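Position one of the sequence shown corresponds to residue 52 (my numbering), numbered consecutively onward.
We put the beta carbon where it would ideally sit given N, CA and C, even for glycine.
These numbers come from a predicted model, not from an experiment.
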Amino acid sequence: MNWKALLSTRRFGQAQKTEKGSGDIRSEFQRDYDRLIFSSPFRRLQNKTQVFPLPGSVFVHNRLTHSLEVASVGRSLGNLVYEKINPMLSPDEKHLVREIDTVVATACLAHDLGNPPFGHSGEKAISHFFAEGDGKKLKDMISQVEYGDLVNFEGNANLLRLLTHQFQGRRKGGYALTYASLGTMIKYPYDSSQSGKKKKFGYFQTEKETFAELMNELEIPITNRQNGIYARHPLVYLVEAADDISYQIMDLEDAQKLDILSLETVKQLFLNFFEGDNDQETRIARTLTEVTDPNEQIAFLRAMVIGKLVNAAAEVFAENYESIMTGSFDSKLLKLIEPTLASSMKKCEEISFQQVYRHPSVVKVEISGYNILGALLHEFYHAITHPTEDYSQKILSLMPDQYHPQGDHPYSLARAVTDFISGMTDVYAVDLYKQIRGLELRYGA
Numbered sequence: 052m053n054w055k056a057l058l059s060t061r062r063f064g065q066a067q068k069t070e071k072g073s074g075d076i077r078s079e080f081q082r083d084y085d086r087l088i089f090s091s092p093f094r095r096l097q098n099k100t101q102v103f104p105l106p107g108s109v110f111v112h113n114r115l116t117h118s119l120e121v122a123s124v125g126r127s128l129g130n131l132v133y134e135k136i137n138p139m140l141s142p143d144e145k146h147l148v149r150e151i152d153t154v155v156a157t158a159c160l161a162h163d164l165g166n167p168p169f170g171h172s173g174e175k176a177i178s179h180f181f182a183e184g185d186g187k188k189l190k191d192m193i194s195q196v197e198y199g200d201l202v203n204f205e206g207n208a209n210l211l212r213l214l215t216h217q218f219q220g221r222r223k224g225g226y227a228l229t230y231a232s233l234g235t236m237i238k239y240p241y242d243s244s245q246s247g248k249k250k251k252f253g254y255f256q257t258e259k260e261t262f263a264e265l266m267n268e269l270e271i272p273i274t275n276r277q278n279g280i281y282a283r284h285p286l287v288y289l290v291e292a293a294d295d296i297s298y299q300i301m302d303l304e305d306a307q308k309l310d311i312l313s314l315e316t317v318k319q320l321f322l323n324f325f326e327g328d329n330d331q332e333t334r335i336a337r338t339l340t341e342v343t344d345p346n347e348q349i350a351f352l353r354a355m356v357i358g359k360l361v362n363a364a365a366e367v368f369a370e371n372y373e374s375i376m377t378g379s380f381d382s383k384l385l386k387l388i389e390p391t392l393a394s395s396m397k398k399c400e401e402i403s404f405q406q407v408y409r410h411p412s413v414v415k416v417e418i419s420g421y422n423i424l425g426a427l428l429h430e431f432y433h434a435i436t437h438p439t440e441d442y443s444q445k446i447l448s449l450m451p452d453q454y455h456p457q458g459d460h461p462y463s464l465a466r467a468v469t470d471f472i473s474g475m476t477d478v479y480a481v482d483l484y485k486q487i488r489g490l491e492l493r494y495g496a
């Protein structure tokens, strides 16, 4: 792969480059970043759950704050990687690669935009509806890979659709982002037929041509022609690392604030990362003596841990630069960090799984989300497949015009419903569920 193609500034859906305004000094990638910051889907992340219930008396992360932090970590990773691989770059490449921090930050901002309300529980609810619910009838009506898109609903694939599809009343190319930014968002460069046990994939069949066009423009090689599997854009590894670092560490900080984990437990989990590093241990001990506020102690340690992991991930990228650029690299960066850090990350993962993600407050949100989305899918899918019924027409009047299907192909109808429901916030989904089920009546507008 080569950086000139990988960092294409051509905009998706635009046959020719559009001129910037005379006073616009931003680069094309900075424009991508700003375009997402000001977008409605990004704004809606503030009412989408990260892990814990949306704010009560203690403010914890939602999808918006998480995405902003991932973008910050991603920008740092991009800057550090540029410094580390600089000696390996030609003079022309150095000029191009200098901007990878912005490309990575942009992809980080977008990484959760395709997720439905209630996170992974929402994905499971949509998948279950088509695997075991009313949507199961589609199995014999559409292709196997189309059905796979529905029974393995995937937020990453939904992201590509959200940003590139021409919804009714919208411009061609969706958000018309650069090919480089879009390519950096494709974590799984294959379709649902190759999703395997993890049920992860990068695009729906509706975006098959879009995906192929991106791979062609970016000159990303196909690594398994028989199964249609491509190499990853090199910067995807940095986006993935930024996300993993952020949620693994920040979920623990939130758990401590909510008294799900004790102060000492989280402190020790963070201190494990510096075992054997005498200079850092001395600095930390001195700072913790001066800073006595528990939340500030955790915040300080969290910042130190993130910094250490960012450096480690950047080092792994640089060490494996050649295989990453040929498309033969096949690992998460964080899986190859030094043993002490890897062991510390493993302990964080274990505690999170055992005590955080299984906590009643988290499980209750997941159960509620599962049932709420299941009910909404039932209502809207029935309505869109029986549009002449009086009740169906009332239900469909609640769906914005942009989501109304173009044609009556069964897959298109299902896609229209999932487009609408996956774009909801948690709060909107709850309100709509209550109103449709008659649990809450509101008079007036």
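Kindly list the residues whose CB is nearer than 6 Å to the CB of Ala30, restricted to its own chain and excluding five residues on each side of it in sequence; keep chain order. Beyond the ends of the chain as shown, which are 52 and 496, falls residue 30; an answer cannot be given.
Which of helix, strand or coil does DSSP assign to Arg114? Of the three classes helix, strand and coil, the one that applies to Arg114 here is helix, per DSSP.
Among the candidates Ala426, Leu483, Pro461 and Gly489, whose CA atom is the shortest distance from the CA of Ala176? Ala426
DSSP state of Ile76 mapped onto helix, strand, coil: Judged by DSSP in its simplified three-state form, Ile76 adopts coil rather than helix or strand.
Between which residues of its own chain and Ala182 is the CB-CB distance below 6 Å, once the five residues before and five after are set aside? Val202
Less than 7 Å between C-beta atoms, sequence neighbours within five positions excluded: which residues of the same chain meet that for Ile357? Val124, Ile296 and Ile300
Val416 burial status per 10 Å Cβ neighbour count (16 or more: buried): The residue in question, Val416, is buried, as its Cβ has 16 or more Cβ neighbours within 10 Å.
Taking Cβ positions, are Ala467 and Ile435 nearer each other than 8 Å? yes
Note down the Cα distance separating Pro409 from Ser419, rounded to an integer number of angstroms. Here residue 409 is Arg; the residue named in the question, Pro, does not match the sequence. So the two alpha carbons sit approximately 15 Å from each other.
Between the region 392 to 406 and the region 162 to 174, do at least 3 Cβ pairs fall closer than 8 Å? no
Starting from Asn203 and walking both ways along the beta strand (DSSP E), at which residues does that stretch end? Asn203 -> no beta strand (DSSP E), and no H or E assigned at all.
Apart from the five residues on each side of it in sequence, which residues of its chain come closer than 6 Å, Cβ to Cβ, to Met369? Here residue 369 is Ala; the residue named in the question, Met, does not match the sequence. So the list reads Lys135 and Ile136, once near-sequence residues are dropped.
Would you mind reading off the limits of the beta strand (DSSP E) that contains Thr274? Ile273 to Asn275
In three-state terms, what does DSSP make of Tyr226? coil
For a test of the three-state rule: what should DSSP assign to Thr439, helix, strand or coil? Coil, per DSSP.
Could you check if Pro285 is buried or exposed, using at least 16 other CB atoms within 10 Å of its CB as the buried criterion? buried
Alpha carbon to alpha carbon, how far is Pro138 from Ile388? Give it in angstroms, no decimals. 22 Å
Please specify which runs of the alpha helix (DSSP H), each continuous and at least 4 residues long, are wholly inside the region 230 to 282, giving them in chain order. 230 to 235 and 259 to 269
Measure the alpha-carbon distance for Glu174 versus Asn329 and round it to whole angstroms. 45 Å
On the three-pair Cβ rule with 8 Å, is the region 223 to 233 touching the region 182 to 197? no
If we ignore side chains and look at the alpha-carbon of each, how far apart do Phe431 and Leu424 end up? In a straight line, the C-alpha of Phe431 is about 10 Å away from that of Leu424.
Among the residues of its own chain, which have a CB less than 6 Å from the CB of Ser463, if the five just before and after it don't count? Pro456
What are the boundary residues of the alpha helix (DSSP H) that includes Tyr454? Unbroken run through Tyr454: none, as it is neither H nor E.
Does the beta-carbon distance from Leu384 to Val407 come in below 8 Å? no
Considering just the uninterrupted stretch of the alpha helix (DSSP H) at Thr157, what are its terminal residues? Ile151 to Ala161 is the extent of the alpha helix (DSSP H) around Thr157.
Is Phe351 closer than 8 Å to Thr340 when the C-beta atoms are compared? no
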